[in-house]
Amino acid sequence: MSPRADDGYTLVELLVAVLIIGILMAISVALLLNQQGKAQDAEAKTTVVTAAKAIEAYGTDHGGYGAATPDDLAKIERSLGQARGLTVTSTATTYTVAVDSLAAPGARFSLERNSSGESIRDCSLPGTGACRATADASGNRW
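Shown next, in the form of structure tokens:
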């Protein structure tokens, strides 16, 4: 009787292959979650800019920003009706619009127009996601 050749893989070889696949999966899931957070922050920032454009239109039509509400902005730009946590704080000459981001609990992006007419972009969780830890020379964090 002739000796039989080994067919197939050993248990160790199979375990190494499974281990490598597991490591690759862990890395890809972590990268995917990071990209998802960036996309959620980008969506929130885009919504804030849209809200700022809507309140500017409101201010032009009404001679100031004073009585603007999220519902008023949604009438100007329909997509704002679906905005997460949209808030508007305004006076006759200034406003702040803010929107929640799903990237992290408590994450909010805001855009403020001050009495000098300058726009300041801020966020609630400096140093996380798309929110810089320190503001630039103009006071902007995003």
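For the sequence shown, position 31 matches number 31 in my numbering, and the numbering has no gaps at all. Every residue gets a Cβ at the ideal spot worked out from N, C-alpha and C, and that includes glycine. None of the values given here were measured: they were computed from a predicted structure.
- The residues GLY106, ALA107 and ARG108, in chain order, have a CB closer than 7 Å to that of SER124 in the same chain once the five nearest residues on each side in sequence are set aside.
- In the structure shown, the three-state DSSP call for THR50 is helix.
- Closest in C-alpha terms to ASP61, from the list SER110, ALA92 and ARG113, comes ALA92.
- Counting along the chain, no alpha helix (DSSP H) covers ASP136, and no H or E run does either.
- By the C-beta criterion, the stretch 48-58 is judged to be in contact with the stretch 83-100, since at least 3 inter-stretch pairs fall below 8 Å.
- When only Cα atoms are considered, LEU32 and ASP122 end up about 26 Å apart.
- Of the residues assessed, GLN40 falls on the buried side of the cut-off, its CB having 16 or more other CB atoms within 10 angstroms.
- Contact between the stretch 4-24 and the stretch 63-74 is absent: fewer than three C-beta pairs spanning the two stretches fall below 8 Å.
- Per the C-alpha coordinates, the member of ALA137, SER138 and TRP142 positioned closest to CYS131 is TRP142.
- Per DSSP, the continuous beta strand (DSSP E) segment holding ALA98 begins and ends at 95-100.
- Between ALA51 and ASN114, the alpha-carbon positions lie close to 16 Å from each other.
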